[in-house]
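Novice:
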Amino acid sequence: MKKEPVFATLVLLSVMTSPTIMATPWHSNTKVGPESIVTKTSSKQNYVNAKTVKGTVVDENGIPIIGANIVVAGTTHGTVTDIDGNFTLDGVNNGDKLTISYIGYIEQSLVVNQNSEYKIVLKEDSQSLDEVVVVGYGTQKKVNLTGAVAAIGADEIIQAPVANISNALAGRLPGIRVQNTGGTPGAESSVDIRGFGKPLILVDGVEQPGFQVDPNEIESISVLKDASAAIYGVKAGNGVVLITTKKGAEGKAQITYNGSIGWQNFTSYPDMVDAAGYAELTDEDAINRGNAPVYGPDKLALFREGTQEGYKSYDWKDILTRKNAPQTQHNINVNGGTEKVKYFMSVGYLNQEGLYATKDINFSRYNFRSNISAKISKYLTADAQLSGHVQDKMAPYDDDTYIIHGITRMHPYYSPYANDEEGKHYGLTNFQNPLARSDANVSGYRKERKKLFNGVFSLKYDMPFIPGLSAKVLFSYLAKVEEFKTFAKEFKLYSYDKESGKYNTVFTGNSPSNLTRKDYTQEQNMLQFSLNYNRTFLDKHNVQALFLYEQREDLDDYLQAYRQFAIDALDQINSGSDKNKNNAGVASELANASFVGRINYDYASKYLFEFSFREDGSAKFYKNNRWGFFPSVSVGWRLSEESFIKNNTQIFDNLKIRASYGVMGDDQFLDSSGNPQVLPFQYLTGYNYPGGTNYIFGSDVVNSLITKGLANTEYSWLTSKILNVGFDASLWNRKLEASVDVFYRKRDGLFAYRSGSLPNTFGASFPQENLNSDDFRGFELVLGHTNTVGDWTYSVKGNMSFTRAKNRHIEQADPINSYKNWTSNFSDRWNNMSFGYKCVGQFQDQEDINNWAIQDDAGNTTMMPGDLKYEDFNGDGVIDNNDIQPITRSNTPEIYFGLDLSASWKGFDFSLLMQGATNYNVYMSGCLGNAMFNGSNTLECFMDRWHREDLYDPESAWIPGKYPSTWNSGKPSNTRVSTFNHISSYYLRVKNIEFGYTFPKEWLSKVYVERLRLYVSGNNVLTFDNLPFGDPEAPSSDRILYPQLKIWNIGVNVTF
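Quick note on numbering: the sequence shown equals residues -23 to -1, 1 to 1033 in mature numbering (1 follows the signal peptide of the UniProt record, and there is no 0).
#1: On the three-state DSSP scale, how would you describe Ser19?
#2: What residue range is occupied by the uninterrupted beta strand (DSSP E) comprising Arg281?
#3: Residues in the same chain with beta-carbon distance under 7 Å from Gln156, minus the five sequence neighbours each way, listed in chain order, please.
#4: Leaving out five residues before and five after Gly686 in sequence, what residues of the same chain have Cβ atoms less than 7 Å from its Cβ?
#5: Using 9 Å as the threshold, is the C-beta distance between Tyr666 and Leu656 below it?
#6: Which residues does DSSP list as the beta-bridge partners of Met909?
#7: Nearest CA to the CA of Thr895: which residue from Leu412, Asp1002 and Phe588?
#8: Which residue's Cα is closest to the Cα of Leu357: Phe753, Gly400 and Ser435?
#9: Ile83 and Asn46 look like a contact to me (Cβ under 8 Å); what is the Cβ gap, rounded to whole Å?
#10: Classify Val984 as helix, strand or coil using the three-state DSSP reduction.
#11: Which value, in whole angstroms, describes the spacing of the CA atoms of Asp877 and Ser734?
#12: Using CA coordinates, which residue listed in Leu845, Pro870 and Lys517 is at the minimum distance from Phe779?
#13: Among Met901, Gly884 and Leu405, which one has its Cα closest to the Cα of Trp980?
#14: Under 9 Å, do Gly973 and Asp886 count as touching if we go by C-beta distance?
#15: Count the C-beta pairs between the region 303 to 322 and the region 389 to 406 that are closer than 8 Å, then say yes if the count reaches three, no if not.
#16: Using DSSP with H/G/I as helix, E/B as strand and the rest coil, what is Asp751?
#17: Taking a contact to mean a Cβ-Cβ separation below 9 Å, would you say Asp548 touches Glu467 in this structure?
#18: Nearest to Lys140 by CA position, among Leu99, Lys175 and Gly187, is which residue?
#19: Is it buried or exposed, Met810, if we count other Cβ atoms within 10 angstroms and call 16 or more buried?
#20: Give me whichever residues DSSP pairs with Met641 in a beta bridge.
#21: State buried or exposed for Ser488, treating a residue as buried only when at least 16 other CB atoms are found within 10 Å of its CB.
#22: What are the boundary residues of the alpha helix (DSSP H) that Asp132 is part of?
#23: By Cβ distance, which residues of its chain are closer than 6 Å to residue 1036, with the 5 residues on each side in sequence left out?
#24: Have a look at Glu971 and Ser888 and give me their C-alpha separation to the nearest angstrom.
#25: Let me know the alpha helix (DSSP H) ranges lying completely inside the region 808 to 869, each 4 residues or longer, listed in chain order.
#26: Given a threshold of 16 other Cβ atoms within 10 Å of its Cβ, counted over all protein chains shown, does Pro192 qualify as buried or as exposed?
#27: Return the first residue and the last residue of the alpha helix (DSSP H) that Glu476 is part of.
#28: Starting from the C-beta of Trp807, find all residues in its chain whose C-beta is less than 6 Å away, skip the five residues before and the five after it, and write them out in chain order.
#29: Given a cut-off of 9 Å on the beta-carbon distance, is the pair Asn557 and Gln541 in contact?
#30: Would you call Gly553 buried or exposed, if buried means 16 or more other Cβ atoms sit within 10 Å of its Cβ?
#31: What first and last residue would you give for the alpha helix (DSSP H) that runs through Lys797?
#32: For a minimum of 3 consecutive residues, which ranges assigned as the beta strand (DSSP E) are wholly contained in the region 139 to 167?
#33: Measure how close the beta-carbons of residue 1040 and Asp262 come, nearest whole angstrom, since I'm counting them as under 8 Å.
#34: Less than 7 Å between C-beta atoms, sequence neighbours within five positions excluded: which residues of the same chain meet that for Asp251?
#35: At the level of alpha carbons, what is the spacing between Asp644 and Val217?
#36: Decide if Trp769 is buried, meaning its Cβ has at least 16 other Cβ atoms within 10 Å, or exposed.
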């Protein structure tokens, strides 16, 4: 419940002693205080058949609401609730409509019937017009925003526990594109804003490397999507994610525990053929190639029977993985304070096990946070924020995708152990046993430990001699340590000789055993001085201003050591041999300085204006280009505040048109993984040492020295110009809300190398230059409806975003002819186009083959019924590279959408989040596009293929199927990039679902519990898509990755 000032409560109690109480409704913009209470006698209320109505007003947790307004609709006849939330209202008739309202809660109404007592539950209004949203270096009322800013609060973030908060953003905010790339323990989703790239992530104003923050610590998340991000400078070109953590509140200490335990399993994994199916396809492949069958009908019958040794079938998915794995989360936080000191402290723990049968993949994280604010004097406030985390990941030495992919490679008649003797892993030279590689005790391990500490300290001084002006100094220190240890143990795979009874070594892996240690440390120091001004003149002219100076220093240090081992009993560097040892290390230091300014003006919250700028300095560029000035401007017009609307209709709470335009600079040019692609200091000449090549002089190994190449003093900032136009509407007391944004981003000066070449005798190559350019365009839609009907409160919110990018110029060599220019010149072209062959069907019979264009360089003599046939694009009777044409989109969705449903009733609550994407293609190649790829096992779906009715009778009739007849790794003419192996895709996923119950306050008061909620939730519980196999959200083109996880949780939230 929201706590109001004590003064307001005393006034309410004193007013309620009057025999006749009349109160005007309180609206969201009403101040709490004596001036907001109006008492008078109604002259028109009908008292002939009137009665007295009593009741109680409580919040969703059953806590009484003090000072809620109860008014007979259309009159000024009303009252307010007392300290226990109770009210009594005389002179009410059956059929009268009572309106119940309170600051920060959704207004509710009821029609008086024969009952005389009522209980009203008000739901907190998270979308109030007075809602404050965190923006660059400050906050603003949501209603006054002129930029494209999306935000969610704490309640939405903690719905359905997730290991990483990036997963909590999917489907909730328009323009925020979240791609969960797999379910590996500790995996972080890929997040970008409007397709621009990896955003800048700030936690309480300090840059963080990722989303490893405990969800229970977070108060809100805001996303700056347009020019409003320009205020954060060179790293904000792709947008900014602002994470604000919880702060202390005045009042007694509240202790809250949130905990859950969950069970994880794969969302999906394709079925593989069994031993009989594999033998059938093997013989079919041999016969199609004109060879003798490998097994023949008699052995095929034994495989189908599957009882004799050597003919049994093994399901490698069941061998390698377990049915489910646990995930647990715990958090305890304390919140409270006095007028002088307020505090919030939190400790969290997460443990996530993997699904390997060996249990050798897992992830854990410890989080802590302490936010303390102290009012040192009337004008001076100090804040101290300490936070950090330690996370550990353990996994087998081999990459998890390699191990999971091993399921598709192992033949289904291979036993995991030679002669079924545990410890003697079976294997062949070309098929390495994934069970052995998933066992850290057998093949080694990978350990990662990442530690982060952040301390933020600030002093704020409110200047009494200049009303509205404050000064603030802030210092932040961040230390990050990452330790990687990979130990590759030598291991053996065996076969068994029945006649001799001996085990033979057929493969030795990771030979010799070796250990690699990598330690990476980073220190970040940031200092800020700022002046803030906030003042209202003549009650209508509202001015806010900010001027800030920021300087930052980054220190990086990297060390690596590699050793080989004759004996792997000790996994320590100093136990390794000197033979083939390798050491490496590098340190770097970068510094930035910035000046930031912003001014906001609004007239009566009707006409809105904002101007901001940032001037950044970067040592990466020559002195003439070292400083960049990046301004932005935005305006807004709230039509709902105009008299021609306000005085003629009451349906609009907010009606606003807004627009923004800004220029941003970038000195990094991040790739898809977030790694900078800019080479600094290219204006300098000289040498690079070491040069990457070593030379031996006698017994000494000497590093080489190479020239840096040509200097480039014109090297400068990559610039982005962003235009955004938006429209916001809120109707019928926020029961209906809508928002539309249209945007365009134009980038110039993207870093690239000139396409020409210099002779080797010149001794240098071209430097990076500002050569390329592109643009992005798109739109976003949001529509929501919230309402309360009796004890029911429900909400429906949907969003959709569309983004498309275009290469304006790509530096490349000139094509040799017009056709190559069409297929290979990527300038002035949408960057999501894929070229290939257009598949127009499958050959039905030999006549069809004879009458078609030549596809196999052999007069179509190798073609069979069921093989793919392609369009002869240029009509020359031959299918070759000259028939390539645009066929599909890329594998990045252009459209993302989400639907969030919620409802509550008498303590019960329900929420459902669905998220999806479309307008993209998935390319199926490798084992996903061909049967028996490189001799490996085959997905079950490839049994639906063209085949002879009698496999061993070449004269028998062909049976049609979806895929061509089996050909190991695919016949070359069938594996061309084409519309056949590209699937135009979509998916809709039930991302989160949750059922909860909050116990009534009166049940809990006797055990000194303030709030208790139990819930059951699920993540990724159901997916609708059109792919034959694999996960549609993170598809691979040629192999099976570690799948996404379906997780069911049970949890408890309790506050004391």
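For every residue, glycine included, the Cβ atom is placed at its ideal position computed from N, Cα and C.
Specialist: On the basis of the supplied data:
#1: Interpretation of Ser19 is limited by its pLDDT of 37, a score under 50 that renders its predicted location unreliable; the figure taken from the coordinates is listed afterwards. Coil at Ser19, not helix or strand.
#2: No beta strand (DSSP E) holds Arg281; the alpha helix (DSSP H) holding it covers Gly273 to Glu282.
#3: Ser166, Ser167, Glu1010 and Ala1011
#4: Ala741, Ser742 and Pro744
#5: no
#6: BP columns for Met909 are empty, so no partner.
#7: Asp1002
#8: Ser435
#9: About 13 Å; that fails the 8 Å criterion.
#10: helix
#11: 55 Å
#12: Pro870
#13: Gly884
#14: yes
#15: no
#16: strand
#17: no
#18: With the sequence shown as reference, residue 140 is identified as Ala, and Lys is not the correct amino acid for it. Of Leu99, Lys175 and Gly187, the residue nearest in Cα terms is Gly187.
#19: exposed
#20: Ser697
#21: exposed
#22: Ala131 to Ile134
#23: Here the chain covers residues -23 to 1033 and nothing more, so residue 1036 does not appear.
#24: 5 Å
#25: 823 to 827
#26: buried
#27: Element bounds for Glu476: n/a, residue is neither H nor E.
#28: Lys783
#29: yes
#30: buried
#31: Ser795 to Ser801
#32: 153 to 156
#33: The structure shown does not extend to residue 1040, since the chain is modelled only from -23 through 1033, so no value can be given for it.
#34: Ser290 and Pro389
#35: 16 Å
#36: exposed
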